[in-house]
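Asks:
2 protein chains.
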Amino acid sequence: MLTVFGTMALDTTRTPFRIEERILGGAATFASLSAGMFARTGMVAAIGEDMPLSHIEAVRSKGVDTKGIVTVSGGKCFHYDSEFDYNLSNRKTLKTELNVISDFDPVIPEEYATSEYVYLANNDPRQNMAILRHFEKPKLVVCDTIEYWIHTARDDVVKMIGKTDGVVINDSEARLLCNEVNIAKCARQIMSFGPKFAIIKKGEHGAVLFTKDGEVFPATAFFLDEISDPTGAGDSFAGGFLGHIARKDKVDFRTMKEAVIYGNVMGSFAVEDFGVRRLLAITKDDVEGRYQKYRNLVQF
Amino acid sequence: MLTVFGTMALDTTRTPFRIEERILGGAATFASLSAGMFARTGMVAAIGEDMPLSHIEAVRSKGVDTKGIVTVSGGKCFHYDSEFDYNLSNRKTLKTELNVISDFDPVIPEEYATSEYVYLANNDPRQNMAILRHFEKPKLVVCDTIEYWIHTARDDVVKMIGKTDGVVINDSEARLLCNEVNIAKCARQIMSFGPKFAIIKKGEHGAVLFTKDGEVFPATAFFLDEISDPTGAGDSFAGGFLGHIARKDKVDFRTMKEAVIYGNVMGSFAVEDFGVRRLLAITKDDVEGRYQKYRNLVQF
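As they're listed, the protein sequences go chains X and W.
Under this note's numbering, residue 799 is the last one in the first sequence; the count climbs by one each step, no gaps.
Under this note's numbering, residue 799 is the last one in the second sequence; the count climbs by one each step, no gaps.
1) Report the neighbours of G705(X) on chain W: residues whose CB is nearer than 9 Å to its CB, in chain order.
2) Considering only the alpha carbon of each residue, which of F716(X), G762(X) and A720(X) lies closest to R753(X)?
3) Look up A544(X) in the DSSP assignment and give the residues it is bridged to.
4) Please confirm if E615(W) has its CB atom under 7 Å from at least one CB of chain X.
5) Give a yes or no on whether 7 Å exceeds the smallest Cβ distance from I760(X) to chain W.
6) Can you name the residues of chain W whose CB is closer than 7 Å to the CB of A732(X)?
7) Please list, in chain order, all residues of the same chain as E672(W) whose beta carbon is under 7 Å from its beta carbon, the five residues on each side excluded.
8) Decide yes or no for the touch test of the segment 522-534 of chain W against the segment 733-741 of chain W: beta carbon pairs closer than 8 Å, at least 3 of them.
9) Please state whether DSSP places N678(X) in a helix, a strand or coil.
10) Just verifying my parser: in three-state terms, what is the DSSP assignment at V750(X)?
11) Closest to V667(W) by C-alpha separation, out of A652(W), L675(W) and I698(W), would be which residue?
12) Once DSSP output is grouped into helix, strand and coil, what is the label at G693(X)?
13) Quick one: is H531(W) buried, meaning 16 or more other Cβ sit within 10 Å of its Cβ, or exposed?
14) Grab the span of the beta strand (DSSP E) containing A718(W) for me, first residue to last.
15) Where does E787(W) fall in DSSP's three states?
16) Between M549(W) and C576(W), is the Cβ-Cβ spacing less than 7 Å?
17) Based on Cα-Cα distance, which residue from M690(X), S691(X) and D670(X) lies nearest to N681(X)?
18) Quick check on E757(X) - is its C-beta less than 7 Å from some C-beta in chain W?
19) Exposed or buried, R789(W), counting other C-beta atoms within 10 Å across all chains shown (16 or more means buried)?
20) Judging by CA-CA distance, which residue of G541(W), F722(W), P551(W) and V563(W) is the nearest neighbour of T619(W)?
21) Leaving out five residues on either side along the sequence, give the residues of the same chain with a beta carbon under 6 Å from the beta carbon of V707(X).
22) Kindly indicate which three-state DSSP category F529(W) falls into: helix, strand or coil?
23) Helix or strand or just coil, what does DSSP make of K658(X)?
24) Just by C-beta distance, which residues in the segment 664-691 of chain X are closer than 7 Å to chain W?
25) Identify the continuous alpha helix (DSSP H) that holds S560(X) and give its terminal residues.
26) Between N622(X) and G547(X), which are expected to be in contact by the criterion C-beta below 8 Å, what is the C-beta distance as a whole number of angstroms?
27) Closest to I555(W) by C-alpha separation, out of V797(W), N795(W), L779(W) and I630(W), would be which residue?
28) Where does C642(W) fall in DSSP's three states?
29) Which of the three DSSP states is assigned to F768(W) in this structure?
30) Pick from I744(W), I660(W), M765(W) and E787(W): whose alpha carbon is nearest that of M755(W)?
31) Taking all protein chains shown into account, do 16 or more other C-beta atoms lie within 10 angstroms of the C-beta of K830(W), making it buried, or fewer, making it exposed?
32) Just checking, does the segment 650-664 of chain X make contact with the segment 675-694 of chain X on the three C-beta pairs under 8 Å criterion?
33) Quick one, which of F516(W), D510(W), L796(W) and D602(W) has its alpha-carbon nearest I726(W)'s?
34) Along chain W, which residues have their Cβ under 9 Å away from the Cβ of N586(X)?
35) Cβ of F722(W) less than 7 Å from any chain X Cβ?
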């Protein structure tokens with residue numbers, strides 16, 4: 500089983516072409532929906548009373564176990580309001596209302612404790628470390644982190660990374676964390692904190708996997724003619740990556756390379772519509788079809 | 500035969516780590532040295548009397564035909580002085596001295612007139628159109644262009660593109676030319692001017708080939724741990740791309756895809772040292788070796 504810990508949010512997303520208010524989003528939602536296409540996935544998140552039940556129902560309908568979602572009574576959902584510029588690549592944060600996640604003390608349903616795979620999304624690193632204690636003996640723990648935590652709690656970020664086996668992180672945030680421009684050097688620095696591998700995500704340009712053994716796997720992104728909303732691409736990548744690994748129940752380099760491609764595939768679906776709409780619409784056949792399409796696309 | 504028309508320059512290149520003054524550079528030099536690894540290549544360029552003969556000798560020693568290099572008596576070489584920032588990705592132009600290239604009326608040695616393949620580097624589009632008249636019946640003409648010409652002579656750039664079969668262009672310059680952010684749309688707009696294909700170069704992120712038939716080939720860059728000087732990567736790409744096509748004497752999609760990879764390979768060599776130094780040092784075996792390495796690297 501794979502347990503995903505992160506936010507289940509209401510997002511307001513503005514592009515020059517469309518505005519969508521208070522739609523279902525959040526790192527755990529994207530990652531769980533992606534991972535759920537591959538393996539049994541449980542989702543841990545704190546929500547407020549303003550989360551429509553239909554959203555939880557929608558996630559559950561895709562096979563994700565939602566017992567780990569905790570409703571904080573009297574609380575309000577994490578709400579993220581942001582705006583993309585014309586090229587849909589630069590995002591400006593307009594509002595971040597932490598609400599129920601600000602002092603969440605994460606708990607997990609008993610049956611999640613034996614999870615072999617754990618994904619800690621870009622949460623407060625202290626909460627990520629706290630939840631880890633609830634798992635018995637996971638085979639693989641992977642985390643992400645973001646600018647906000649690097650700025651406000653860098654020491655805890657490094658400590659958290661030290662408790663994981665792998666890191667999935669954006670290029671800009673890797674550079675910020677490591678105070679280093681070269682992403683290969685960033686990856687090595689991140690691995691020096693403890694993990695056996697680091698994946699640097701480069702948005703529309705794909706991702707690069709680095710391992711402690713010195714192996715490297717650069718993968719271009721699946722080519723899309725147009726995108727609608729880049730929100731959640733990175734979390735969907737992480738979900739696809741870990742989902743495939745959990746499905747194969749293997750963590751060798753070959754499986755990780757396939758998992759990076761599945762990550763790219765899931766990220767490419769996520770950006771085709773606003774919020775998690777596309778992830779809710781696709782089937783396992785769509786995923787495998789696009790994986791094959793990717794293989795054909797990059798073949799030479 | 501492949502004829503390359505462009506600059507043979509003296510470059511001053513400054514990085515935060517090293518400064519090199521008046522070293523051999525220029526689009527035609529990079530492209531010809533790259534192409535010369537694959538096929539018979541002739542180089543057309545105007546130089547001044549300040550070009551050290553040893554530089555021409557060095558280019559010739561790699562098999563490039565230098566009969567097309569014209570020395571303008573009393574003239575001075577094109578000199579480009581630029582500075583890279585710490586991440587070696589943003590370049591600031593400090594000085595551009597056109598000198599001998601400013602009103603060059605390109606001529607070619609008689610034996611170049613039957614060239615099947617022609618590469619028009621980022622020259623004045625009027626000069627590119629002028630030189631084209633000297634060729635009898637080339638099978639494939641490819642051009643590049645840069646910001647300077649898009650700003651000062653956009654109509655001529657579009658007219659020039661209309662006389663070619665393919666365009667190789669940087670993403671930022673494609674966006675500027677087409678006033679459009681999405682590179683797939685840029686490629687389609689460029690092809691609407693006439694060419695059958697467009698390659699959008701994305702620097703360290705690789706390149707994407709688009710054809711009029713709707714085919715797409717995204718290719719990640721060869722992964723390098725570190726680079727020394729990004730100057731000439733794009734020209735080396737174009738040289739490798741056209742060199743492989745000239746060697747195979749085929750312009751089908753499969754050959755073009757291989758050619759994109761050879762382009763990436765040549766670009767990756769170029770950036771490993773300042774100016775053309777690395778291109779002067781490598782052998783055909785190095786090129787084929789890195790092509791295989793690339794294939795293994797991206798395999799999954």
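We put the CB at the ideal spot given by N, CA and C, even for glycine.
Replies: Result, derived from the coordinates:
1) Within 9 Å Cβ-Cβ: H704, G705, P717 and T719.
2) Taking only the C-alpha atoms, the option nearest R753(X) is F716(X).
3) In DSSP, A544(X) forms a bridge with I568(X).
4) Put simply, the CB of E615(W) is far from chain X, with every gap to its CB atoms at 7 Å or more.
5) Cβ-Cβ to chain W under 7 Å: yes for I760(X).
6) In chain W, no part has a C-beta under 7 Å from the C-beta of A732(X); the shortest such distance is about 16 Å.
7) Closer than 7 Å at Cβ, skipping near neighbours: T644, I645, E646 and I649.
8) Judged by Cβ distances under 8 Å, the segment 522-534 of chain W makes contact with the segment 733-741 of chain W, as three or more pairs qualify.
9) In the three-state reduction of the DSSP assignment, N678(X) falls in the coil class, being assigned neither a helical nor a strand state.
10) In the structure shown, V750(X) adopts coil according to DSSP, grouped into three states.
11) V667(W) has its Cα closest to that of I698(W), out of A652(W), L675(W) and I698(W).
12) Looking at G693(X) - three-state DSSP - the assignment turns out to be coil, as it is neither helix nor strand.
13) The question names His, but residue 531(W) is Ser in the sequence shown. That one is buried.
14) A718(W) -> beta strand (DSSP E) spans V715 to A718.
15) In this structure, E787(W) counts as helix in the three-state DSSP scheme.
16) The amino acid occupying residue 549(W) in the given sequence is Asp; Met does not appear at that position. With respect to C576(W), D549(W) sits close: the two C-beta atoms are nearer than 7 Å.
17) In terms of CA proximity to N681(X), D670(X) leads the group M690(X), S691(X) and D670(X).
18) Yes, E757(X) counts as interfacial toward chain W.
19) Flag for R789(W) reads buried.
20) Here residue 619(W) is Leu; the residue named in the question, Thr, does not match the sequence. L619(W) has its Cα closest to that of G541(W), out of G541(W), F722(W), P551(W) and V563(W).
21) Closer than 6 Å at the Cβ level, and outside the excluded window around V707(X), lie I699 and P717.
22) F529(W) falls in the helix class under three-state DSSP.
23) For K658(X), the secondary structure class from DSSP, reduced to helix, strand or coil, is helix.
24) Taking 7 Å as the Cβ-Cβ cut-off, the segment 664-691 of chain X approaches chain W at V680, N681 and A683, given in chain order.
25) L552 to S560 is the extent of the alpha helix (DSSP H) around S560(X).
26) About 16 Å; that fails the 8 Å criterion.
27) For I555(W), the nearest C-alpha among the options comes from L779(W).
28) Three-state DSSP puts C642(W) in a strand.
29) In the three-state reduction of the DSSP assignment, F768(W) falls in the helix class, which pools H, G and I.
30) If we check each option's Cα against that of M755(W), I744(W) comes out closest.
31) Given that chain W is displayed from residue 500 to residue 799, the structure contains no residue 830(W) and the question cannot be resolved.
32) Contact annotation: the segment 650-664 of chain X touches the segment 675-694 of chain X, with at least three C-beta pairs closer than 8 Å.
33) Comparing Cα positions, the closest option is F516(W).
34) Within 9 Å Cβ-Cβ: R674, V680 and N681.
35) It does; some Cβ of chain X falls within 7 Å.
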